[in-house]
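In what follows, a structure is listed as structure tokens, so that the remarks can point back to it.
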Amino acid sequence: MGEELQRWILMVTARAPTNIAVIKYWGKRDEKLILPINDSISFTLDPDHLSATTTVAVSPSFTSDRMWLNGKEVSLGGERYQNCLREIRSRGNDVVDEKNGIVIRKEDWQRLHLHIASYNNFPTAAGLASSAAGFACLVYSLAKLMDVKEKYQGELTAIARRGSGSACRSLYGGVVKWQMGKETDGSDSIAVQLATEKHWEELVILVAVVSSRQKETSSTTGMSQSVETSELLRHRSQEVVPKRVLQMEEAIANRDFGSFAKITCADSNQFHAVCLDTSPPIFYMNDTSHRIINCVERWNRSEGTPQVAYTFDAGPNAVMYAPNRKVAGLLLQRLLFYFPPDSSKTFSSYVIGDTSILEEIG
Ligand code: DP6
114 MGEELQRWIL MVTARAPTNI AVIKYWGKRD EKLILPINDS ISFTLDPDHL SATTTVAVSP
174 SFTSDRMWLN GKEVSLGGER YQNCLREIRS RGNDVVDEKN GIVIRKEDWQ RLHLHIASYN
234 NFPTAAGLAS SAAGFACLVY SLAKLMDVKE KYQGELTAIA RRGSGSACRS LYGGVVKWQM
294 GKETDGSDSI AVQLATEKHW EELVILVAVV SSRQKETSST TGMSQSVETS ELLRHRSQEV
354 VPKRVLQMEE AIANRDFGSF AKITCADSNQ FHAVCLDTSP PIFYMNDTSH RIINCVERWN
414 RSEGTPQVAY TFDAGPNAVM YAPNRKVAGL LLQRLLFYFP PDSSKTFSSY VIGDTSILEE
474 IG
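For the sequence shown, our numbering begins at 114 and goes up steadily by one.
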């Protein structure tokens with residue numbers, strides 16, 4: 114290629130929201146391939162709030178693969194990044210940009226280098242599933258750049274799964290199930306969309322950021338310790354979750370908020386009970402998290418039917434589901450009464466609207 118022709122650069126920008134599980138993924142049967150021990154179900158959030166935006170660029174003038182996260186260069190040397198890059202590259206197709214005279218042959222993807230810049234619009238690693246949005250966005254934007262076509266539905270989700278398990282669920286909007294699968298190569302451990310974001314439009318998701326500090330035990334480490342030491346986790350994955358997934362699917366299909374709320378809270382509480390049952394025990398929630406649970410439980414009990422549901426991931430932040438904007442407003446009022454923003458520097462909150470599909474903006 115001549116000097117002049119080396120100057121081109123081709124790029125794609127995409128945005129992917131995070132997702133919040135209502136039936137939790139906790140535990141792997143294969144750590145290398147990231148294969149879970151149970152199915153999980155989540156809601157993908159609105160990309161305006163908790164999302165990652167990633168630009169991927171390719172140019173013959175790049176001399177190595179490089180990545181910047183929130184403006185700071187990070188290493189791409191980790192196995193998870195390498196697995197995603199390798200899987201996508203091997204599926205790349207011919208890309209022809211006639212307007213700019215750019216021709217990339219499928220075999221070129223093996224030798225051309227990439228520059229990747231990703232931004233999160235929320236705290237990284239604070240239990241708000243930043244890796245889910247990040248890896249989903251990385252895989253999606255690379256697949257667009259290299260014109261990757263899925264050979265089977267969900268193939269891209271299986272690649273995002275190699276970055277972070279929960280990332281596979283962020284490739285679709287609305288309600289998503291990650292099927293654990295049976296195959297040892299992980300080809301059927303994919304995400305499927307159960308319902309679009311239009312299905313339950315009135316539902317409001319509210320995130321209460323209790324602390325934006327980095328968590329002490331990562332999800333990866335925590336779940337590996339739980340698999341090794343928690344008997345409760347074995348019971349949960351074999352006896353509890355299979356039934357719960359069916360009940361949850363039915364509750365969501367019928368937009369039955371009462372059942373949905375009961376199952377969501379029970380699953381979050383069992384997940385945290387598994388963390389306590391782990392040796393050494395893992396504490397993800399703090400006093401503020403416990404007070405939020407109390408506040409919601411008391412309200413639900415006083416009304417006789419569930420008004421809102423709460424769920425907590427591997428951190429102290431609460432995610433709450435309300436059946437509509439009116440109840441979400443009442444919830445916010447209660448939270449602001451019990452946790453006045455002025456007196457507590459450790460609590461802030463913002464309302465997240467409808468769930469929405471992954472959106473390509475570039
Ligand atoms: C508590 O997907 O972050 O949020 O696969 O090791 O990257 P790795 O773990 P990760 O775990 C998420 C755990 C969870 C529950 C969930 O999102 O289902």
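Virtual Cβ for every residue (Gly too), placed ideally from N, Cα, C.
Environment of residue i [buried if 16+ CB atoms lie within 10 Å]
| i | result |
| --- | --- |
| T136 | A small correction: the amino acid at residue 136 is Ile; Thr does not occupy that position in the sequence shown. Buried. |
| R274 | buried |
| Y434 | buried |
| D403 | Note that residue 403 is His in the sequence shown, not Asp. By the 10 Å Cβ count, H403 comes out exposed. |
| Q266 | exposed |
| A441 | buried |
| Y463 | Reliability fails at Y463, whose pLDDT of 42 lies under 50, so the model's placement of it is uncertain and the value that follows must be treated cautiously. Under this definition Y463 is an exposed residue. |
| V322 | buried |
| N476 | Past the boundaries of the shown model lies residue 476; the chain is included only from 114 to 475, so the question cannot be answered. |
| S456 | Legend: pLDDT at S456 = 49, less than 50; position of this residue unreliable, no value from coordinates given. |
| D298 | exposed |
| D380 | buried |
| N407 | exposed |
| I474 | Because the pLDDT of I474 is 31, which lies under 50, any placement of that residue in the model is unreliable, and the question is left without a value. |
| K212 | exposed |
| A366 | exposed |
| T176 | exposed |
| A127 | buried |
| P160 | buried |
| D400 | exposed |
| P436 | buried |
| T334 | exposed |
| D210 | exposed |
| V354 | buried |
| S243 | buried |
| V216 | exposed |
| L302 | Note that residue 302 is Ser in the sequence shown here, rather than Leu. Per the 10 Å Cβ criterion, buried. |
| S415 | exposed |
| S279 | buried |
| R120 | exposed |
Residue i and residue j closer than 7 Å at C-beta
| i | j | result |
| --- | --- | --- |
| A129 | A256 | no |
| G287 | T309 | yes |
| S283 | T424 | no |
| L227 | V169 | yes |
| V305 | R438 | no |
| F235 | S277 | no |
| W313 | R368 | yes |
| L346 | S337 | no |
| I272 | E200 | yes |
| S350 | I150 | yes |
| A374 | P429 | no |
| A364 | I405 | no |
| V125 | S332 | no |
| L444 | V421 | yes |
| D207 | R193 | no |
| Y252 | C197 | A small correction: the amino acid at residue 252 is Val; Tyr does not occupy that position in the sequence shown. In contact: V252 and C197 (Cβ atoms closer than 7 Å). |
| T391 | T330 | no |
Rounded distance between the beta-carbons of residue j and residue i, thought under 8 Å
| i | j | result |
| --- | --- | --- |
| T167 | I122 | The pair is not a contact, with the Cβ atoms about 16 Å apart (cut-off 8 Å). |
| D165 | Y232 | First, the amino acid is wrong: residue 165 is Ala here, not Asp. With a Cβ gap of about 7 Å, A165 and Y232 count as contacting. |
| G190 | M259 | Rounded, the Cβ-Cβ distance is 21 Å, inconsistent with contact. |
| Q360 | S372 | 7 Å |
| E362 | L307 | 6 Å |
Residue i beta carbon near the ligand NAP (any heavy atom closer than 6 Å)
| i | result |
| --- | --- |
| K137 | In the structure on display, the ligand NAP does not appear, and the ligands it does have are the ligand DP6. |
Do three or more CB pairs link the segment 391–398 to the segment 285–302 at distances below 8 Å? Taking a cut-off of 8 Å for Cβ pairs, the segment 391–398 and the segment 285–302 do not touch, as fewer than three such pairs fall below it.
3-residue-minimum beta strand (DSSP E) runs that sit fully inside the segment 276–342, ordered along the chain: Entirely contained in the segment 276–342, the beta strand (DSSP E) runs reaching 3 residues are, in chain order, 288–291, 304–308 and 317–322.
Enumerated in chain order, which unbroken segments of the alpha helix (DSSP H) with a length of 4 residues or greater are wholly contained in the segment 403–455? Fully enclosed alpha helix (DSSP H) runs of 4 or longer: 438–451.
Mind listing, in chain order, the continuous beta strand (DSSP E) runs of no fewer than 3 residues lying wholly within the segment 181–240? 185–187, 208–210, 215–217 and 226–233, all fully within the segment 181–240.
Quick one: any contact between the segment 174–188 and the segment 137–145, if contact means 3 or more CB pairs under 8 Å? Flag = no, the segment 174–188 and the segment 137–145 do not touch.
Runs of beta strand (DSSP E) wholly within the segment 128–162 (minimum 3 residues, chain order): Counting whole runs of 3 or more residues, the segment 128–162 contains the beta strand (DSSP E) stretches 132–136, 141–143 and 153–157.
Can you give, in chain order, each stretch of the alpha helix (DSSP H) that sits fully within the segment 344–396 and has at least 4 residues? Segments of the alpha helix (DSSP H) lying fully in the segment 344–396: 344–348, 354–366 and 370–389.
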